[in-house]
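Since the structure comes first, as structure tokens, the remarks are kept for the end.
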Amino acid sequence: MSSNKTIPHSEAAAIFNKNEERVNWHDETLWFVREKRDKSAHQIPEWELLRETASQIKLNVLSNIHDYLVEFETNAQKNGIIVHWAANAEEHNVIVHSILEKNNIKQMVKSKSMLTEECHLNDYLTERGIDVIDSDLGERIVQLRNEPPSHIVLPAIHLKKEDVSETFHEHLGTEKGNIDPQYLTESARHHLRDVFLTRKAALTGVNFAVAETGEFVVCTNEGNADMGAHLADVHIACMGFEKLIPKREHLGVFLRLLARSATGQPITTFSSHFKKPREGKEIHVVIVDNGRSEQLGREEFRNSLKCIRCGACMNTCPVYRRSGGHSYHNAVAGPIGSILAPNLDMKKNADLPFASTLCGSCTNVCPVKIDIHDQLYKWRQVLVKEGYTPKAKTIAMKTMAAVLANPMVFEIVGKSGRFAMKNLPGLVNNKLNKWYDQREMPEVPEESFKEWYKKNSKSAKGKNDEQ
Amino acid sequence: MKAALFIPCYVDQFYPKAAIAAYELLQKLGCYVDFPMKQTCCGQPMANSGYQHLTEGCDANFIANFAGFDYIVCPSGSCVMHVKEHLHSDTNKELAAKLRSSVYELTEFITDILKIESIEGDFPFRVGMHQSCHGQRGLKLSQMSELNAPFFSKPGQLLTKIKGIDLVSLSRKDECCGFGGTFCVTEEAISVKMGQDRIKDHEKHHVDYITGVDMSCLMHLEGILKRQKSPIKTIHIAEILNTFKV
């Protein structure tokens, strides 16, 4: 879903915060998932070693990406899979559309794929008369509401069952006001069952593509990817090129990490391997770059491509939990989205690396050890140098830097500032001061530490006497 | 042991009590403490806002003030982390590197360099410990809840023998308070919400005081507490430890 007008993160977050009860619910729900993740991760004695191993495997992939891609293509083709290459989102969309056109298919079922969100595939196909139905329950809910997902693993986490009930009543004809989760899920199930049975094409994402075997693995809890792919004549699987792993045995590392990090489950309900098409059917794999080569070329940011899209950094992020996924105006939200998005469009996403306190929790939960908070810091430096920060901020920072670099000026400014705060509190306690909106200013002390030290410490007294 | 005291600019200006406590405490623990008079700021406010390239002046001033010392001790995890990770000098790289490895947060200096395990002060109150992120995750002052690794806490350990103290266990042990430097005004809504939520956790455990190793987090929480007219007070850990009598 494309957003034409971008609301900066801070403004969108402020709007999200107007409904305190909902923010609390959103925060607590995601914190619950974070705690489940902790419990599950802490049950594995070798957890930290697993993370390190996964990180090393992915670093190896990124360093040898050309060879692994060629190996994967060769092996996939041997298996009878048709491999396509897309340099960008547009090419990706054209390829998917052409496969459907060639097979004269007007309706497609799609399981979760953040890549197709990144490429805005649904819009592209809909404009060309193709009917696309998302089969992941969360994605179906947001699709019916004409909204993008707000979380990569839990697409409708910003909604409550009351919202879902309204949406299903409007679009699927469920009973008005019935908020029973079992009833609502059952209704979605019947609706999707019909979709699965009638679609001739199914699109899925790819969690892992194995270079050694030319197969790919799709992980879901609902089995919707399998249902779609097994019933359709044409299976299209779309992947960013970083989804590669060298060997099948490496799944033993990644499958243990993925679901534990994502939801605290030991493993996803379905981890389906697709290797070759059945008789008379087709499997297509579309391998997409869309800015990834550029990110690979940015030394400080390349390891963001290790990401396996578990969403743990979102669940743990105190800012994400209180601002909601839509405030990030990018297909991938949260901390990982904030280090991926500026690579795609620096101007549009210049606010995102600043939507963080740099608390570092994201880096600690990341199953492939991406230094997320350090990259947020580094993106800030890049964005300022490229001129994407407000001029007023630059002027303020330059003034601040000048004052703080000069001890004498600092002392004078400090002293007069404290004097003003004490005697003219209206100067700072006003609407222009964002601190003061919901917080009191610190109380002004009689003297600074330096002033106290001059009077009270023996060594300083001695020095003062000498001067 | 000779140590230079590095007092963050805003602590110097607004929280001299925390600085005095750190100064007196180090002396009581047997250190000869010097306070270089021309120090200002480590440069972190600019650097975290993306203006690290404007911090050369601060870096040069920091180096000029602290060049002669083997140990630089500071009652703020955040400022220490900034110096450790970002202090640089184009003209004297070696000296900058030496200072980067000589700077310590107050509680880690006490446990790791002075090798003191606990301090016998007196603070008969119910206290919640706020784990400031830069101290905790940046300097590894205590174990982080995300990791599958053994528990430890340098500041927590120092408080164990304080007489009368009742340290509570929070529901969310190390959630960020939302201060975040300029984040506290550029993302005001989230910053305040995070602070309010942190306070609720302490309130739920009926604390009299919230303490921590970073005055900046405490300043933010204090601002919210005062606006809410809450009876809960904030206090820097140095002030609790300084109740220790020689």
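Taken in sequence, the protein lines are chains P and D.
Sequential numbering from 1 applies to the first sequence in this note's numbering.
Sequential numbering from 1 applies to the second sequence in this note's numbering.
Don't be surprised by glycine CBs; every beta carbon is placed ideally from N, CA and C.
Among the residues of its own chain, which have a CB less than 8 Å from the CB of Lys38 (chain D), if the five just before and after it don't count? Walking along the second sequence from the start, residue 38 (chain D) turns up at place 38. So the list reads Asn61, Ala64, Asn65, once near-sequence residues are dropped.
At a CB distance below 8 Å, what residues from the stretch 199-231 of chain D approach chain P? Give them in sequence order. Met219, His220, Glu222, Gly223, Ile224, Lys226, Arg227
Distance check for Asp112 (chain D) and Asp371 (chain P), CA to CA, integer angstroms please. For the purposes of this step, residue 371 (chain P) is taken as the residue at position 371 of the first sequence. For the purposes of this step, residue 112 (chain D) is taken as the residue at position 112 of the second sequence. Their backbone Cα atoms lie some 27 Å apart in a straight line.
From the DSSP output, which residues share a beta bridge with Ser271 (chain P)? The residue you call residue 271 (chain P) lines up with position 271 of the first sequence. Note: Ser271 (chain P) sits in a beta bridge opposite P:Cys219.
Quick one: what's Phe208 (chain P) bridged to in DSSP? Along the first sequence, read from residue 1 onward, the residue named residue 208 (chain P) stands at position 208. For Phe208 (chain P), which the question treats as bridged, DSSP gives the partners P:Val217.
Chain-order list of residues whose beta-carbon lies under 7 Å from that of Lys422 (chain P) (same chain, five-residue window excluded): Reading the first sequence from its first residue, position 422 is the one you call residue 422 (chain P). The residues are Val444.
Considering only the alpha carbon of each residue, which of D:Asn148, D:Leu159, D:Lys163 lies closest to Pro45 (chain P)? Here residue 45 (chain P) is taken as the residue at index 45 of the first sequence, counted from 1. Ranking D:Asn148, D:Leu159, D:Lys163 by Cα distance to Pro45 (chain P) puts D:Asn148 first.
Please say whether Tyr124 (chain P) and His97 (chain P) have beta carbons closer to each other than 8 Å? Along the first sequence, read from residue 1 onward, the residue named residue 97 (chain P) stands at position 97. Along the first sequence, read from residue 1 onward, the residue named residue 124 (chain P) stands at position 124. Taking 8 Å as the Cβ cut-off, His97 (chain P) and Tyr124 (chain P) qualify as a contacting pair.
Shorter than 8 Å from the beta carbon of Asp465 (chain P) to some beta carbon of chain D? Within the first sequence, numbered from 1, the residue matching residue 465 (chain P) stands at position 465. Caution applies to Asp465 (chain P), whose pLDDT of 45 falls short of 50 and renders its modelled position unreliable; the model cannot decide the point.
Need the endpoints of the beta strand (DSSP E) that Ile72 (chain D) sits in, please. For this step, residue 72 (chain D) is matched to residue 72 along the second sequence. It spans 72-74 - the beta strand (DSSP E) in which Ile72 (chain D) sits, taken as one unbroken run.
Asp194 (chain P): buried (16+ other C-beta within 10 angstroms of its C-beta) or exposed? Position 194 of the first sequence, counting from 1, holds the residue named residue 194 (chain P). Per the 10 Å Cβ criterion, exposed.
In this structure, how does DSSP classify Lys110 (chain P) when only helix, strand and coil are distinguished? The sequence position of residue 110 (chain P) within the first sequence is 110, counting from 1. Strand at Lys110 (chain P).
Counting C-beta neighbours from all protein chains within 10 Å, is the total for Ser2 (chain P) 16 or more, i.e. buried, or is it exposed? Along the first sequence, one-based indexing puts residue 2 (chain P) at 2. Note that Ser2 (chain P) scores 43 on pLDDT, short of 50, meaning its location in the model is unreliable and no value can be drawn from it.
Residues of chain P with a CB under 7 Å from the CB of Ala19 (chain D): which are they? One-based indexing of the second sequence puts residue 19 (chain D) at position 19. Phe449, listed in chain order.
Give the secondary structure of Cys238 (chain P) by DSSP, where H, G and I count as helix, E and B as strand, and everything else as coil. Counting from one through the first sequence, the residue named residue 238 (chain P) turns up at place 238. It is a strand residue.
Rounded to whole angstroms, what is the Cα-Cα separation between Asn464 (chain P) and Leu432 (chain P)? Along the first sequence, read from residue 1 onward, the residue named residue 464 (chain P) stands at position 464. Along the first sequence, read from residue 1 onward, the residue named residue 432 (chain P) stands at position 432. Confidence at Asn464 (chain P) is low in this model, with a pLDDT of 46, below 50, so its placement is unreliable and the value that follows should be read with caution. The alpha-carbon atoms of Asn464 (chain P) and Leu432 (chain P) are separated by roughly 41 Å.
So does the stretch 328-339 of chain P actually touch the stretch 163-170 of chain D, counting three or more Cβ pairs closer than 8 Å? no
Does any C-beta atom of chain C lie closer than 8 Å to the C-beta of Gln52 (chain D)? Absent here is chain C; the protein component of the structure consists of chains P and D.
Taking only the alpha-carbon atoms, compute the straight-line gap between Thr363 (chain P) and Met215 (chain D) and give it to the nearest angstrom. As a first step, residue 363 (chain P) must be located in the first sequence, where it is residue number 363. As a first step, residue 215 (chain D) must be located in the second sequence, where it is residue number 215. Taking the straight line from one Cα to the other gives about 24 Å.
Inspect the CB distances between the stretch 310-323 of chain P and the stretch 12-26 of chain P and report whether three or more fall short of 8 Å. yes
In angstroms, rounded to a whole number, what distance separates the CA positions of Ala420 (chain P) and Ala47 (chain D)? As a working note, residue 420 (chain P) is residue 420 in the first sequence. As a working note, residue 47 (chain D) is residue 47 in the second sequence. The straight-line gap from Cα to Cα measures roughly 27 Å.
Identified DSSP bridge partners for Leu167 (chain D): Position 167 of the second sequence, counting from 1, holds the residue named residue 167 (chain D). Answer is D:Val127.
Is the beta carbon of Ser150 (chain P) less than 8 Å from the beta carbon of His158 (chain P)? Numbered from its first residue, the first sequence carries residue 150 (chain P) at position 150. Numbered from its first residue, the first sequence carries residue 158 (chain P) at position 158. Yes, Cβ-Cβ distance for Ser150 (chain P) and His158 (chain P) is below 8 Å.
Is DSSP giving Ser153 (chain D) helix, strand or coil here? Start at 1 with the first residue of the second sequence, and residue 153 (chain D) comes out as number 153. Strand, per DSSP.
DSSP on Thr111 (chain D), reduced to helix/strand/coil? Against the second sequence, residue 111 (chain D) aligns to sequence position 111. Three-state result, Thr111 (chain D): helix.
Suppose the cutoff is 8 Å on Cβ atoms and the five residues either side in sequence are ignored; what does the same chain contact list for Gly205 (chain P) look like? The residue you call residue 205 (chain P) lines up with position 205 of the first sequence. Around Gly205 (chain P): Ser111, Lys112, Ser113, Met114, Leu115, Thr116, Val218, Ala225, Ala237, Cys238, Met239.
Between Ala477 (chain P) and Asn349 (chain P), is the Cβ-Cβ spacing less than 8 Å? Here chain P comprises residues numbered 1 to 467, so residue 477 (chain P) is not present and cannot be evaluated.
Cα-Cα separation between Asp163 (chain P) and Gly177 (chain P), rounded to whole angstroms: Along the first sequence, read from residue 1 onward, the residue named residue 163 (chain P) stands at position 163. Along the first sequence, read from residue 1 onward, the residue named residue 177 (chain P) stands at position 177. Distance between the alpha carbons of Asp163 (chain P) and Gly177 (chain P) is about 10 Å.
Does Phe66 (chain D) get closer than 8 Å to chain P when you measure Cβ to Cβ? Locating residue 66 (chain D) in the second sequence gives position 66, where the first residue counts as 1. So, not an interface residue.
Glu117 (chain P) in three-state terms, based on DSSP: As a working note, residue 117 (chain P) is residue 117 in the first sequence. Helix at Glu117 (chain P).
Are any of the Cβ atoms in chain P nearer than 8 Å to that of Ser102 (chain D)? Counted from its first residue, the second sequence places residue 102 (chain D) at position 102. No, its Cβ sits nowhere closer than 8 Å to a Cβ of chain P.
For my contact list, Val365 (chain P) and Ile57 (chain P) are in at a C-beta cut-off of 8 Å; report their separation, rounded to the angstrom. Translated into positions along the first sequence, residue 365 (chain P) becomes position 365. Translated into positions along the first sequence, residue 57 (chain P) becomes position 57. In fact, because the Cβ distance is near 18 Å, the residues do not count as touching under 8 Å.
With 16 as the cutoff for other CB atoms within 10 Å, does Gly387 (chain P) come out buried or exposed? As a working mapping, residue 387 (chain P) is identified with position 387 in the first sequence. Counting Cβ neighbours within 10 Å, Gly387 (chain P) comes out exposed, since fewer than 16 surround it.
Cβ pair Ser132 (chain D), Gly195 (chain D) closer than 8 Å: Residue numbering aside, residue 132 (chain D) sits at position 132 when the second sequence is read from its first letter. Residue numbering aside, residue 195 (chain D) sits at position 195 when the second sequence is read from its first letter. The answer is no: Cβ separation not under 8 Å.
For His206 (chain D), count neighbouring C-beta atoms within 10 Å of its own C-beta (all shown protein chains included) and say buried if the count is 16 or more, exposed if not. In the second sequence, counting from the first residue as 1, residue 206 (chain D) sits at position 206. Flag for His206 (chain D) reads exposed.
Just how far apart, CA to CA, sit Gly223 (chain P) and Ile99 (chain P)? Along the first sequence, read from residue 1 onward, the residue named residue 223 (chain P) stands at position 223. Along the first sequence, read from residue 1 onward, the residue named residue 99 (chain P) stands at position 99. Roughly 24 Å separates the two Cα atoms.
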